[in-house]
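Numbering (the UniProt record's numbering), first residue to last: 1 to 523.
The beta carbon of each residue, even a glycine, is placed where N, CA and C say it ideally should be.
Everything numeric in this text was worked out from a predicted model, so none of it was measured.
Input: a single structure, listed below in structure tokens.
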Amino acid sequence: MVQSHIFPVTDTLLKVVANKALLVKVNVTNAVSQAVPDATLNVLDDQGALQLTVALTKPASLPTSMPNRPDFALAYTALVPANLVKPGMALSVAISGGAAATVVKPVVQLAPAIKIVGVPVRHSDGGDATPLPVSAASQLLDRYPVSGVTYTVRSTPINLGKPNAEVNNPDNRDVFKEAMNAVGEARNTDLKDQPDTFYYGFVYWAAYGGVGVGTLGGRMAAGWDRHGDPALAEGVRDTWIHETGHNFGLGHAPTESEPASAEYPYAGGLMGNSSRAIWTYLMSEGTAQTLRDPLQTRDVMSYSGPSYGRFSDHNYMLAFEALRASILKSAPASKTSAAPSEMLLLSGELAANGTVRWRPARQYLGTYNAPSTASHSLRVTYANGSVRSYPVALERYSDGSGGQVFMQGVPYSAGAAQIELLSANGRQIATLGDASGTRSAQAKDAPPQLQERESGGRLAVTWNAARYRYLTISHVSGTERTTLAVNHEGGGTEMDVRTLPAGGAYEFALSDGLNSLRLTRPR
Numbered sequence: 001m002v003q004s005h006i007f008p009v010t011d012t013l014l015k016v017v018a019n020k021a022l023l024v025k026v027n028v029t030n031a032v033s034q035a036v037p038d039a040t041l042n043v044l045d046d047q048g049a050l051q052l053t054v055a056l057t058k059p060a061s062l063p064t065s066m067p068n069r070p071d072f073a074l075a076y077t078a079l080v081p082a083n084l085v086k087p088g089m090a091l092s093v094a095i096s097g098g099a100a101a102t103v104v105k106p107v108v109q110l111a112p113a114i115k116i117v118g119v120p121v122r123h124s125d126g127g128d129a130t131p132l133p134v135s136a137a138s139q140l141l142d143r144y145p146v147s148g149v150t151y152t153v154r155s156t157p158i159n160l161g162k163p164n165a166e167v168n169n170p171d172n173r174d175v176f177k178e179a180m181n182a183v184g185e186a187r188n189t190d191l192k193d194q195p196d197t198f199y200y201g202f203v204y205w206a207a208y209g210g211v212g213v214g215t216l217g218g219r220m221a222a223g224w225d226r227h228g229d230p231a232l233a234e235g236v237r238d239t240w241i242h243e244t245g246h247n248f249g250l251g252h253a254p255t256e257s258e259p260a261s262a263e264y265p266y267a268g269g270l271m272g273n274s275s276r277a278i279w280t281y282l283m284s285e286g287t288a289q290t291l292r293d294p295l296q297t298r299d300v301m302s303y304s305g306p307s308y309g310r311f312s313d314h315n316y317m318l319a320f321e322a323l324r325a326s327i328l329k330s331a332p333a334s335k336t337s338a339a340p341s342e343m344l345l346l347s348g349e350l351a352a353n354g355t356v357r358w359r360p361a362r363q364y365l366g367t368y369n370a371p372s373t374a375s376h377s378l379r380v381t382y383a384n385g386s387v388r389s390y391p392v393a394l395e396r397y398s399d400g401s402g403g404q405v406f407m408q409g410v411p412y413s414a415g416a417a418q419i420e421l422l423s424a425n426g427r428q429i430a431t432l433g434d435a436s437g438t439r440s441a442q443a444k445d446a447p448p449q450l451q452e453r454e455s456g457g458r459l460a461v462t463w464n465a466a467r468y469r470y471l472t473i474s475h476v477s478g479t480e481r482t483t484l485a486v487n488h489e490g491g492g493t494e495m496d497v498r499t500l501p502a503g504g505a506y507e508f509a510l511s512d513g514l515n516s517l518r519l520t521r522p523r
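Next up, the structure:
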């Protein structure tokens, strides 16, 4: 059986992914030199009904013994289209003039199709990233344990609000967390609940070497780019696959000097060992491709290489089961079809030492969706005295710091007086109080004084930063929202908006840290 790996139909670990093209590889040996006979593959459904009959592509010659490594030049092959790869299917192979047909029933299991949105991240003084093109979807489908990949690229970047020098400081890689969190906030507010959709931020990185960050089991990640330099495209791709691997629930594989462990069975992060060595395959490259020896190739989740952006059989199946559980088998605990209402996005980071760094709360128009699983809760004391608790999921950063990030939208109609992060047993971990307490009465009551001007494809905005320190900007057109800038400070910002569709309105979310004001202005 051949999809992302080449494995025998009797393998007890790997499964065939349903609704994904399957290459059937048949090895036949013959001790006597003779003309290679024709062969036929029949594909049957779970009721035994014939779905397809196809002639197998013949090898040039038949080997006298089974090859010790995959060799498509010595094997019969046929491609089963994705729409016929279903649970319960059977495959029947008949060799002309040979014995009775051989019938096998591969283990086929459903897997989700996923969507990935590539988001260019722009520095405040330029330095645009160039996401990999949409044609990269085939490279992802080759490697991911999913039935389909829809990859789109946002034409309009998210403006990070940090200068190029700060982003490209090798000692300040936390800026990638900032980029990832900005991309994650956009995902939370711009999308309705879509567990099959992942956001990935491409950040221009001029320093040496690749860098990225993701959340374990989350739906957001960010990684480096260098203005679309073709010479670096493979490294950018491999970082992308590595970080989205964390989103699929995978931790790091060992480096070349580290032993095997309970979490990863092959020493040095290799794709196999002397007992088990499963070769990988890229469906989009066909049978003439160069196959990579698993004993000389490392899993893409290792910091050592080469990996060629591939998962070992072990990590492939871990990701397969994680995605099935998080997309196919689970649904949000609370999902509503009600009309959008005012919401407050609460987010922050819980460090390994127990301290919490809150991100500015901001208002947006949306619907409440509770997470399907949650270990913590957010207790909101509203300005009118009412108190409500909302479950919140924490996702661990992939960088080994032990930090966790949370993002959750909660209903917001009466203003907030206090927000608390609570542990599973109800213990208070941290509190976000009224940020206006340190300001003068005059500053508290001052109007936002927001003014915007669009000219020549650029949007310039000023606001009263003494009243509201932070500003997030989105473009709204009908039911579609596109976040343009997240948590800008200083009372003034400017950005390129030439790639926005015509019309619509700008949405400005001002925040003092705890409370937020949402303003909408037509273009």
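Note the first and the last residue of the continuous beta strand (DSSP E) segment covering residue 10.
-> Note, residue 10: premise wrong, no beta strand (DSSP E); not H, not E.
List the whole-angstrom C-beta distance separating residue 18 from residue 146, where the pair is believed to meet the contact cut-off of C-beta under 8 Å.
-> Not really, about 11 Å apart at Cβ, beyond 8 Å.
Any chance the segment 189-202 sits against the segment 116-124, with 3 or more Cβ pairs inside 8 Å?
-> The segment 189-202 vs the segment 116-124: in contact.
Of the residues 345, 301, 430, which one's Cα is nearest the Cα of residue 354?
-> In terms of Cα proximity to residue 354, the closest of 345, 301, 430 is 430.
Beta strand (DSSP E) runs wholly inside the segment 189-254, at least 3 long, in chain order | Runs of the beta strand (DSSP E) lying entirely within the segment 189-254, each at least 3 residues long, are 197-204, 212-214, 220-225 in chain order.
Can you name, in chain order, every residue of its own chain whose Cβ lies under 7 Å from the Cβ of residue 142, other than the five neighbours on each side?
-> For residue 142, where only same-chain residues beyond five positions count, the Cβ hits under 7 Å are 4, 282, 283, 284.
Would the beta-carbon of residue 312 fall within 8 Å of that of residue 293?
-> No; because the gap between Cβ atoms is not below 8 Å, this pair is not in contact.
When the Cα of residue 151 is compared with those of 459, 457, 289, 196, which residue comes out closest?
-> Out of 459, 457, 289, 196, 196 has the C-alpha closest to the C-alpha of residue 151.
Do residue 319 and residue 245 have their CB atoms nearer than 8 Å?
-> Taking a C-beta distance under 8 Å as the contact criterion, residue 319 and residue 245 qualify as a contact pair.
Under the three-state reduction of DSSP, which class applies to residue 65: helix, strand or coil?
-> Looking at residue 65 - three-state DSSP - the assignment turns out to be coil, as it is neither helix nor strand.
Would you list the one or two residues that DSSP bridges to residue 510?
-> Residue 510 pairs with 471, 517.
Spatial distance of residue 520 from residue 503 (CA atoms) = Residue 503 has its alpha-carbon roughly 13 Å from the corresponding atom of residue 520.
Over what stretch of residues does the beta strand (DSSP E) that includes residue 261 continue unbroken?
-> Counting along the chain, residue 261 falls outside any beta strand (DSSP E), and DSSP gives it neither H nor E.
Less than 8 Å between the CB atoms is what I'm expecting for residue 277 and residue 315, so what's the real figure, rounded?
-> The beta carbons of residue 277 and residue 315 sit about 15 Å from each other, so the pair does not count as a contact at 8 Å.
Counting pairs of Cβ atoms below 8 Å between the segment 59-67 and the segment 40-49, do you hit three or more?
-> The answer is no - the segment 40-49 does not touch the segment 59-67, with fewer than three Cβ pairs under 8 Å.
Endpoints, the alpha helix (DSSP H) within which residue 321 is located | Segment 313-323, the alpha helix (DSSP H) holding residue 321.
Is residue 94 closer than 8 Å to residue 101 when the C-beta atoms are compared?
-> Taking 8 Å as the Cβ cut-off, residue 101 and residue 94 qualify as a contacting pair.
Count the other CB atoms, across all protein chains shown, that sit within 10 Å of the CB of residue 103; report buried if there are 16 or more and exposed otherwise.
-> Burial call: exposed.
With a 10 Å radius around its C-beta and 16 neighbouring C-beta atoms as the bar for buried, classify residue 2 as buried or exposed.
-> Buried, by the Cβ-count rule.
Just tell me which of 182, 505, 84 has its CA closest to the CA of residue 476.
-> For residue 476, the nearest C-alpha among the options comes from 505.
Count the other CB atoms, across all protein chains shown, that sit within 10 Å of the CB of residue 485; report buried if there are 16 or more and exposed otherwise.
-> Residue environment for residue 485: buried (at least 16 other C-beta atoms within 10 angstroms of its C-beta).
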